[in-house]
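Q: Add 236 to a position in the sequence shown, counting from 1, and you land on the number used in the working numbering.
The C-beta atom is built at its ideal place from N, Cα and C for all residues, glycine as well.
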Amino acid sequence: MSLIWKIKPFKALSLDELYNVLELRSEVFVVEQNCVYQDIDGKDRKAIHIIGEYEGETVAYCRIFKAGDYFEQSSIGRVIVKETYRDKKWGHDLIREAIEAVKSNFGESKITISAQLYLKKFYESHGFAQTSEEYLEDGIPHIEMKRG
237 MSLIWKIKPF KALSLDELYN VLELRSEVFV VEQNCVYQDI DGKDRKAIHI
287 IGEYEGETVA YCRIFKAGDY FEQSSIGRVI VKETYRDKKW GHDLIREAIE
337 AVKSNFGESK ITISAQLYLK KFYESHGFAQ TSEEYLEDGI PHIEMKRG
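1. Quick one: any contact between the stretch 348-360 and the stretch 374-384, if contact means 3 or more CB pairs under 8 angstroms?
2. Helix, strand or coil: which one does DSSP assign to Arg314?
3. Could you give the DSSP three-state label for Thr367: helix, strand or coil?
4. Please state if the CB of Ile243 and the CB of His285 are separated by a distance shorter than 9 angstroms.
5. Thinking just about the alpha-carbon of each residue, which of Gly278, Glu369 and Glu293 is nearest to the one in Glu253?
6. Assuming Arg261 contacts Ala283 (C-beta within less than 8 angstroms), just tell me the rounded distance between them.
7. Within the continuous beta strand (DSSP E) that includes His378, where are the two ends?
8. Just list the residues that DSSP pairs Ser340 with in beta bridges.
9. Residues in its own chain within less than 8 angstroms of Lys221 by CB, not counting five upstream and five downstream?
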């Protein structure tokens, strides 16, 4: 049981792919986490989007940026796995795909993320280290983490 990965710049996304991504982001970040915030932030056009599909359903997603488009270093953000599939540990596959996509698309190995605090150990298992004090982002505790 594995995911089919699609890695695309914004303009290459089909309307259905974009809709499915936005639906998943809303389901997880707005509804599940009970967080009212501006998800459509104007940055999607600059990002490369990594979509994990299982049996035709979008179940995993993140977006990556080259250095300077979000942080000083390249970055990974909006990392999500649909709640009903988290027991599959596909988040680890997603982060590995994202790290590889940063290398292959941007030729970069240094990555900065803004991580939800409760996921610190998860990101540490992929080589990230905490580089900031805890801060609130949209009412949720976060930390900055870097890799490379």
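A: Walking through what the data contain:
1. yes
2. strand
3. coil
4. yes
5. Glu293
6. In this structure Arg261 does not touch Ala283 by the C-beta definition: roughly 12 angstroms separates them, more than the 8 angstroms allowed.
7. Start and end: Ile376 to Arg383.
8. Paired residue(s): none; Ser340 is not in a bridge.
9. No answer is possible for residue 221: it lies beyond the span of the chain, which begins at 237 and ends at 384.
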